[in-house]
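Following: one structure in structure tokens, then a few remarks.
Numbering (mature numbering (1 follows the signal peptide of the UniProt record, and there is no 0)), first residue to last: -23 to -1, 1 to 914.
Below, the structure written as structure tokens:
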């Protein structure tokens, strides 16, 4: 049924499968040449097609003989006129290799064909064929049997024999081995490795066309051979194996198909040629829905009755919305398309034509962001993340597969934040973990998105997840990753008390800056209920019950609990806050910083470099100079024969500070700009202090800020040095300071025009507080946090349409974040306004983030806070409330109240009369020049 004719790269191994019918009364006829063949019963001529496979110094003739009808008997005769082979098959393939006048025949057949020909009969048949040499695989009963015969002038070595094949090494008369045919017909048939030879591809195509052959493309993998992985090259893949046929053969067998099978022990994929159409089972035909069925009035009930709930379901969804949804272990092959997409992007960019600043920008905006989509739902293999980082490093420093460039600063340092001395690149593995953190955050923040709900219900997660989660081997890969990162993730959660029902008093972190209380115990022998909640430690009056904690917790910890706000059933459920963020809001950026241990530190030289108003290329030069990593001769001489002397002065070693500042050529430039009284300090400071001193100077030179002149001078000195170093014809400018001053003036003018356009957008923006329209009441609120002890407070002021004081409040809310203090201020303001009977209220706050959280209807801001439930509930009452953000300059009164609340005891304090210490701010907002008379509320 199946015959395989494979032209490709193989070591002369033929495996031919037949299913013939044997008739022992076959007649043999003689005397006819190889291109003729008759059928015994009907004398019908058999179709014979012949093609030539050209090889260096020889050619191979492939003959395809087909009998019609399939079950007829035929006798085949070749040029020896003595041999006979009787068969009754659908297809017979005979391979003939011609070496001069000698003929080498490969004959394979089924046992039913050769059962009559074995032992002495085999020897007789081969002797009559006229070939003295042979290699046989005897038939076993009614199965198997392979003959290979040849003349003396051909050297054949048998490598191995098997019941299914014979592997031979063949040499012709001149000693040349019959080797592999490692040719491809097009450049697209190779991936990786060195570029293919276009002329050889064209020659192979010409040969196929000259022989009038058809290339039968196979279903399955396109590349049939997998080569080795060479250093600094992509792994090599080629389509070395193919099936060729003539037009007559293709016409006579229109249902023939070819498949590329999976490779096992070889580096080649085997090819399977099927000459008959595969019968399909109608029951396996996929179900197809027809829209016309909906027009039948009883279709709905019919479908409901006949629906099979136990119908087969596929476990492999495949790729959906660009994401691979597959079970089992994730391998590099599943994410190889990411590397290919990045490579396609890089193919359109010429790294040599881009500056370091341009390459860094492309890495951050394009290359780094491409894997982020897949990181949100999968854990990328380490091999993929390492390869992405390798691509980024190579592109940043201009390395290619042909030429490796000097990586001036190590990758770990470039992945630091810009204010920490890096370029702000992200490590792929840590970034992947940060995205898994995001999934974990959605589980604890009580979001109602579909993904979180599915995970919660499938794995039976509590409303308030504990510090430990578990997974089983049968669980999904996504859930296993969440469980794996959960312990590290949960350490960054601090719970904000609402009604206090869900927060575990001992096991959860619920006080800012205080670890979980179970780790603070002085006496671990005293039994405690680790499952107790905050509400269990509050009495009927809403006060903390702390007497039973003495001797268990330190006095300092008990004092912090006493200063903390007690739970309130009016606030709604307890909500988490993200500890690494100062506002308690989760973000992938803050999660990444937490994983990498990145914290906000004091201002350094790096802050001054990146905030300098100059061109980006100048900033990147100063950044490399700050690290002392410019590719100077002293650095290059460490691993090469290059001289370490400066090419300009030819006296001192060429170091970073020597090039830019201390070389006589550079000194002459700086002396043209630096005041003689400051030169001693200018030429003596260490490199980082020198950069800080110049970038912080507020002086100007010819009306140009000194930071602009300084950055342009450094860039030009380095550029001129490179031109002088690369070309013997290069020369130092005669008046370099004039060139520097001209470029600095142009840059300063461009920056000033840009700032004027930006400032023009803010013209007309109000900076003073505005009175509300009658009969509206305006309430301004603000929050404050003490940077020393973390205590937070809020305050608010109510005023009428004339700006007169109506009421106010201050509230100390204990340890909290700035955003939390702002939200508490909004909630207290609305509560006070409602209780005082105000029904037309304008609420203003200088925190746009808090306003956004109050007004949003979805969870897009990743904000979760107990007060939000209370605020939104109050906004639904029957009154009119307008909420809008304002600049800080319009919120001075509320800011003063919020800061004063930090010095008051915990709780809320209502102010019916205006305190004297805020009178000045109120009068300023009213626009009064005379003393203000209190309205008395």
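Built from N, CA and C at the ideal position, the CB exists for glycine as well.
Going by C-alpha positions, residue 398 is about 12 Å away from residue 596. At least 9 Å separates the beta-carbon of residue 527 from that of residue 386.
Here residue 308 has 358 as same chain residues with Cβ atoms under 7 Å from its own Cβ, once five neighbours each way along the sequence are excluded. Look at residue 887 here: in three-state DSSP terms it is strand.
The beta carbons of residue 827 and residue 805 sit no closer together than 9 Å. Between the alpha carbons of residue 492 and residue 792 lies a distance of about 13 Å. For residue 670, the enclosing alpha helix (DSSP H) stretches over residues 664 to 673. Between residue 585 and residue 669, the C-beta spacing is below 9 Å. By the neighbour-count criterion, in which 16 or more other beta carbons inside 10 Å mark a residue as buried, residue 759 falls on the buried side. Considering only 901, 847, 242, the residue with the shortest C-alpha distance to residue 549 is 847. In the structure shown, residue 659 adopts helical secondary structure according to DSSP, grouped into three states.
The beta carbon of residue 866 lies closer than 6 Å to those of 744 in the same chain, with the five residues before and after it left out. Here the alpha carbons of residue 408 and residue 298 stand approximately 21 Å from one another.
With a 10 Å radius around the Cβ and a threshold of 16 neighbouring Cβ atoms, residue 577 comes out exposed. Leaving aside the five residues that flank residue 497 on each side, the residues in its chain whose CB is nearer than 7 Å to its CB run, in chain order, 530, 531, 534. In the displayed model, residue 616 falls within coil according to three-state DSSP, outside both helix and strand.
Cβ neighbours of residue 767 within its own chain (closer than 7 Å, five residues either side excluded): 489, 490, 792.
For residue 179, the enclosing alpha helix (DSSP H) begins and ends at 175 to 187. In the DSSP assignment, residue 808 falls within the unbroken alpha helix (DSSP H) covering 795 to 812. Rounded to the nearest angstrom, the gap between the Cα atoms of residue 545 and residue 268 is 57 Å.
Residue 829 and residue 603 have their C-alpha atoms some 41 Å from each other. Beyond the five residues adjoining it in sequence on each side, residue 903 comes within less than 6 Å, by CB distance, of 780 in the same chain, given in chain order. Each residue's CA atom was taken as its position, placing residue 554 and residue 421 some 10 Å apart. Contact check between the segment 515 to 526 and the segment 455 to 464: fewer than three CB pairs, one atom from each, fall below 8 Å, which does not count as touching. One thing to note: residue 448 has its Cβ no nearer than 9 Å to the Cβ of residue 483.
For residue 276, the number of other beta carbons within 10 angstroms of its own is below 16, and it is reported as exposed.
Comparing C-alpha distances from residue 348 to each of 861, 311, 384 shows the shortest one belongs to 311.
Judged by DSSP secondary structure, residue 234 falls within the beta strand (DSSP E) whose first and last residues are 234 to 237. With fewer than 16 other Cβ atoms from the protein chains shown falling within 10 Å of its own Cβ, residue 704 counts as exposed. Nearest in C-alpha terms to residue 142, of all of 639, 148, 112, is 112.
Distance between residue 167 and residue 221, taken at the CA atoms: about 19 Å. Following the DSSP letters along the chain, one finds residue 473 inside the beta strand (DSSP E) bounded by residues 470 to 473. Per DSSP, the unbroken alpha helix (DSSP H) holding residue 696 starts and ends at 683 to 703. Boundaries for residue 792: no alpha helix (DSSP H) harbours it, while the beta strand (DSSP E) harbouring it runs 782 to 792, taken from the DSSP string. A distance below 7 Å between beta-carbons, with the five flanking residues on each side excluded, links residue 495 to the following residues of its chain, in chain order: 483, 484, 507. Between residue 411 and residue 351 the beta-carbon gap is near 14 Å, outside 8 Å, which marks them as no contact.
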